[in-house]
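Peer 1: One structure, as structure tokens, below. Some questions next.
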Amino acid sequence: MDPIDAGQVAVEGLPESSGGPQGSGNGSHALQDDAVGDPTSEQSPLGKRKRPQEEGEDEEASPTKKLITKEGPHSTKVASHYNQLQECGLAERNKSRIVHMRNFNNWLKSVLIGEILDKVRQRQREVCVLDLGCGKGGDLLKWRKGHISRLVCADIAAISVEQCQQRYADMRRKCHPNEKIFSAEFITADCTKELLSEKLSNPSIQFDVCSCQFVYHYSFETQQQADTMLRNACERLRPGGFFIGTTPDAYELVKRLEASETDSFGNEVYRVTFQKKGEYPLFGCQYDFNLEGVVNVPEFLVYFPLFEEMAKKYNMRLVYKKTFHDFFQEKIQNEQNKILMQRMQALEQYPADGGNNLASDKPEEYEHAQRRAEEKARVPLGTLSKSEWEATSIYLVFVFEKMS
Amino acid sequence: MTDSAETLQKYEEQFANRFTAEDVEYQRYLQQPVNTPPVVEDWRGRGAGGYQRGRDYRNQDQRPYRGRDRGRGWGWHDQRGPPQWQDRRWGSGGPYQGQHNSYNQGYNSGGQRHYDRY
Numbered sequence: 001m002d003p004i005d006a007g008q009v010a011v012e013g014l015p016e017s018s019g020g021p022q023g024s025g026n027g028s029h030a031l032q033d034d035a036v037g038d039p040t041s042e043q044s045p046l047g048k049r050k051r052p053q054e055e056g057e058d059e060e061a062s063p064t065k066k067l068i069t070k071e072g073p074h075s076t077k078v079a080s081h082y083n084q085l086q087e088c089g090l091a092e093r094n095k096s097r098i099v100h101m102r103n104f105n106n107w108l109k110s111v112l113i114g115e116i117l118d119k120v121r122q123r124q125r126e127v128c129v130l131d132l133g134c135g136k137g138g139d140l141l142k143w144r145k146g147h148i149s150r151l152v153c154a155d156i157a158a159i160s161v162e163q164c165q166q167r168y169a170d171m172r173r174k175c176h177p178n179e180k181i182f183s184a185e186f187i188t189a190d191c192t193k194e195l196l197s198e199k200l201s202n203p204s205i206q207f208d209v210c211s212c213q214f215v216y217h218y219s220f221e222t223q224q225q226a227d228t229m230l231r232n233a234c235e236r237l238r239p240g241g242f243f244i245g246t247t248p249d250a251y252e253l254v255k256r257l258e259a260s261e262t263d264s265f266g267n268e269v270y271r272v273t274f275q276k277k278g279e280y281p282l283f284g285c286q287y288d289f290n291l292e293g294v295v296n297v298p299e300f301l302v303y304f305p306l307f308e309e310m311a312k313k314y315n316m317r318l319v320y321k322k323t324f325h326d327f328f329q330e331k332i333q334n335e336q337n338k339i340l341m342q343r344m345q346a347l348e349q350y351p352a353d354g355g356n357n358l359a360s361d362k363p364e365e366y367e368h369a370q371r372r373a374e375e376k377a378r379v380p381l382g383t384l385s386k387s388e389w390e391a392t393s394i395y396l397v398f399v400f401e402k403m404s
Numbered sequence: 001m002t003d004s005a006e007t008l009q010k011y012e013e014q015f016a017n018r019f020t021a022e023d024v025e026y027q028r029y030l031q032q033p034v035n036t037p038p039v040v041e042d043w044r045g046r047g048a049g050g051y052q053r054g055r056d057y058r059n060q061d062q063r064p065y066r067g068r069d070r071g072r073g074w075g076w077h078d079q080r081g082p083p084q085w086q087d088r089r090w091g092s093g094g095p096y097q098g099q100h101n102s103y104n105q106g107y108n109s110g111g112q113r114h115y116d117r118y
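Order-wise, the sequence lines are chains G and H.
Each residue of the first sequence is one higher than the one before, starting from 1 at the first, in the UniProt record's numbering.
Each residue of the second sequence is one higher than the one before, starting from 1 at the first, in the UniProt record's numbering.
Quick look at the structure:
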């Protein structure tokens with residue numbers, strides 16, 4: 001029996017936010033501060049489950065996500081991995097070779113969440129969110145700044161959920177007396193095998209948004225698990241609600257694998273190793289993703305057209321899908337997003353200031369920026385090292401909308 | 001055969017050409033140029049005026065956005081689906097119109113000291 005399958009850890013019956021005209025702030029604002037500097041948030045850009053990519057930043061940090069995988073040894077392995085992770089200080093993480101990549105991922109999620117909350121709020125004030133694969137609560141600050149009313153956090157790793165709950169409690173304790181923070185509920189469950197609807201304190205609750213950051217691909221080990229995860233994400237969404245997330249792009253993974261002479265590819269920052277090249281089963285197509293030598297939890301290829309087809313069962317329609325590259329190109333056009341990016345240090349300065357070093361000492365890691373600088377681009381530039389970019393550009397952003 | 005097995009078989013047939021020369025979307029993806037890392041000009045990083053750890057920015061003002069809002073919105077009109085979808089959803093007639101969504105609301109007063117320093 002999977003030790004992690006425990007049930008609900010706790011339910012906090014905090015007063016529900018009456019939510020005033022949330023005129024003050026929308027998602028994006030909200031998201032903005034944070035990232036860097038809020039001791040209550042973790043850093044982790046990519047998401048939760050994570051790979052190192054995600055861990056860090058501010059919010060996100062939760063490794064837990066990955067856990068959401070299957071049963072048996074794999075799930076156990078994932079949950080165990082995350083449960084064993086120690087929370088380390090922000091300063092420590094900032095020393096990381098991939099800190100800007102993690103910040104970049106966190107920025108991307110902030111923009112995604114902020115804009116979706118804006119969109120939802122166009123039709124209603126009270127917003128209810130399901131954070132599926134919440135990890136240690138890396139996105140809590142985003143939900144706070146997005147002025148949601150209710151949050152349900154679910155994850156496979158009990159310790160991560162406990163940390164998430166603690167972080168939430170700290171947030172409430174430290175907030176201004178006049179600030180109404182969303183109420184929250186915390187559930188420990190393997191969402192690829194258990195139905196969340198049976199664990200909710202209010203079984204009839206309807207979510208406006210389900211956010212699944214860097215986690216959904218763990219469910220693709222079997223058809224049943226992928227379907228259960230999808231059901232958990234979508235069945236309690238209200239019509240017009242959104243299922244948003246980030247996941248590796250199978251096209252990019254296979255493209256890089258096919259270009260490799262072995263069953264593996266990567267660089268000094270990350271490495272992906274498939275079990276076999278040339279055969280890509282719809283479910284259970286496993287590969288290992290190693291980031292900065294950390295986290296080596298098996299993941300599963302998600303062939304997106306299949307994902308999209310499976311979602312139809314829950315009346316979900318794909319309304320947006322973009323690679324991280326394309327998402328960045330689109331969103332950076334907005335000045336507020338650029339400001340947020342600077343605040344979050346989602347890119348590193350090139351050339352570096354006198355007292356700072358670049359994340360990598362290798363000039364070839366910054367050839368793209370050097371070239372732009374020589375082309376008379378207005379310096380200093382903000383960029384990522386080539387290796388960090390190769391690691392994070394594997395991902396894509398998706399948004400499904402519930403039709404009925 | 002169970003429902004699950006039938007469904008899987010259906011998927012296998014539907015996606016039998018995945019990652020092959022007949023996978024049109026994948027082939028289109030392969031034609032795209034390799035992405036280079038992001039580059040943003042006039043970057044205001046950690047130097048003077050950059051983000052300072054420990055400082056509370058929450059009550060600070062945001063500089064009103066003055067330009068065209070090219071980056072806003074999801075561009076869902078680029079996706080398949082009825083073209084009217086965007087109009088229906090993106091607030092024509094609602095309180096948040098066009099680019100003036102809540103990103104630029106709230107966060108009043110206070111001056112623009114933070115960004116004006118740049």
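Note that CB positions come from ideal geometry on N, CA and C, so glycine has one too.
Treat the numbers as computed from the prediction; the structure is a model and nothing was measured.
Look at the alpha carbon of residue 123 of chain G and the alpha carbon of residue 135 of chain G, and state the distance between them as a whole number of angstroms.
Peer 2: Near 29 Å, if we compare the C-alpha coordinates of residue 135 of chain G and residue 123 of chain G.
Peer 1: On the DSSP letters alone, give me the boundaries of the beta strand (DSSP E) that residue 225 of chain G sits inside.
Peer 2: Careful: residue 225 of chain G lies outside any beta strand (DSSP E), inside the alpha helix (DSSP H) at 223-234.
Peer 1: Do the CB positions of residue 186 of chain G and residue 210 of chain G come within less than 9 Å of each other?
Peer 2: no
Peer 1: Checking contacts by CB at 9 Å: is residue 113 of chain G closer than that to chain H?
Peer 2: no
Peer 1: If distances are taken between C-alpha atoms only, which option among G:252, G:139, G:367, G:385 comes closest to residue 301 of chain G?
Peer 2: G:252
Peer 1: Tell me the DSSP secondary structure of residue 280 of chain G in three-state form.
Peer 2: coil
Peer 1: Compare the C-beta of residue 12 of chain H with all C-beta atoms of chain G and state if any pair is closer than 9 Å.
Peer 2: yes
Peer 1: Taking a contact to mean a Cβ-Cβ separation below 9 Å, would you say residue 408 of chain G touches residue 310 of chain G in this structure?
Peer 2: This structure cannot speak to residue 408 of chain G, because chain G is shown only from 1 to 404.
Peer 1: In terms of residue numbering, what span does the alpha helix (DSSP H) encompassing residue 187 of chain G cover?
Peer 2: Premise fails: residue 187 of chain G lies in the beta strand (DSSP E), 183-188, not in any alpha helix (DSSP H).
Peer 1: Would a C-beta distance cut-off of 9 Å place residue 344 of chain G and residue 106 of chain G closer than the cut-off?
Peer 2: yes
Peer 1: By the criterion of Cβ-Cβ separation under 8 Å, what are the contact partners of residue 25 of chain H in chain G?
Peer 2: 251, 305
Peer 1: Are any of the Cβ atoms in chain C nearer than 9 Å to that of residue 41 of chain H?
Peer 2: Absent here is chain C; the protein component of the structure consists of chains G and H.
Peer 1: Listed from N- to C-terminal order along the chain, which residues in the region 352-369 of chain G have their beta-carbon within a distance smaller than 7 Å of any beta-carbon of chain H?
Peer 2: 353, 356, 368, 369
Peer 1: Hey, does residue 389 of chain G have any beta-carbon neighbour from chain H nearer than 9 Å?
Peer 2: So, interface residue.
Peer 1: Which residues in chain H sit within 8 Å of residue 381 of chain G, going by Cβ to Cβ distance?
Peer 2: 39, 40, 41, 43
Peer 1: Taking only the alpha-carbon atoms, compute the straight-line gap between residue 116 of chain H and residue 335 of chain G and give it to the nearest angstrom.
Peer 2: A caution first: residue 116 of chain H carries a pLDDT of 22, below 50, which makes its placement in the model unreliable, though a value can still be read off. When rounded, the distance between both Cα atoms is 14 Å.
Peer 1: Leaving aside the five residues before and after residue 339 of chain G along the sequence, list all residues of the same chain whose C-beta is less than 7 Å from its C-beta, in chain order.
Peer 2: none
Peer 1: How long is the line joining the alpha carbons of residue 265 of chain G and residue 230 of chain G, rounded to whole angstroms?
Peer 2: 30 Å
Peer 1: Verify the CB distance criterion: does residue 148 of chain G have a CB-CB separation below 9 Å to chain H?
Peer 2: no
Peer 1: Inspect the beta-carbon positions of residue 360 of chain G and residue 292 of chain G and report whether they are closer than 9 Å.
Peer 2: no
Peer 1: So that I know if they touch, is there some Cβ in chain H lying closer than 9 Å to that of residue 96 of chain G?
Peer 2: no
Peer 1: Excluding the 5 residues flanking residue 238 of chain G on each side, which residues of the same chain have their C-beta closer than 8 Å to its C-beta?
Peer 2: 206, 207, 208, 402
Peer 1: Identify whether residue 38 of chain H lies in helix, strand or coil by the three-state DSSP scheme.
Peer 2: coil
Peer 1: Counting only Cβ-Cβ distances shorter than 7 Å, please list the residues of the region 260-285 of chain G near chain H, keeping chain order.
Peer 2: Going along the region 260-285 of chain G in chain order, one finds 280, 282 with a Cβ nearer than 7 Å to chain H.
Peer 1: For residue 4 of chain H, is the classification buried or exposed, using 16 other Cβ atoms within 10 angstroms of its Cβ as the cut-off for buried?
Peer 2: exposed
Peer 1: Please identify, using Cβ separations under 8 Å, the residues of the region 208-225 of chain G that lie next to chain H, in order along the chain.
Peer 2: 223, 224
Peer 1: Between residue 412 of chain G and chain H, is the shortest Cβ-Cβ distance under 9 Å, so that the two count as touching?
Peer 2: Chain G is shown from 1 up to 404; residue 412 of chain G falls before or after that span and cannot be answered.
Peer 1: How about residue 271 of chain G and residue 130 of chain G: do their beta carbons lie closer than 9 Å?
Peer 2: no
Peer 1: Got a sec, what are the start and stop residues for the alpha helix (DSSP H) residue 259 of chain G sits in?
Peer 2: 250-259
Peer 1: Indicate whether at least one CB of chain H lies closer than 9 Å to the CB of residue 350 of chain G.
Peer 2: yes
Peer 1: Taking contact to mean at least 3 C-beta pairs separated by less than 8 Å, is the region 9-27 of chain H in contact with the region 240-247 of chain G?
Peer 2: no
Peer 1: Return the CA-CA distance between residue 319 of chain G and residue 354 of chain G, expressed in angstroms with no decimal places.
Peer 2: 45 Å
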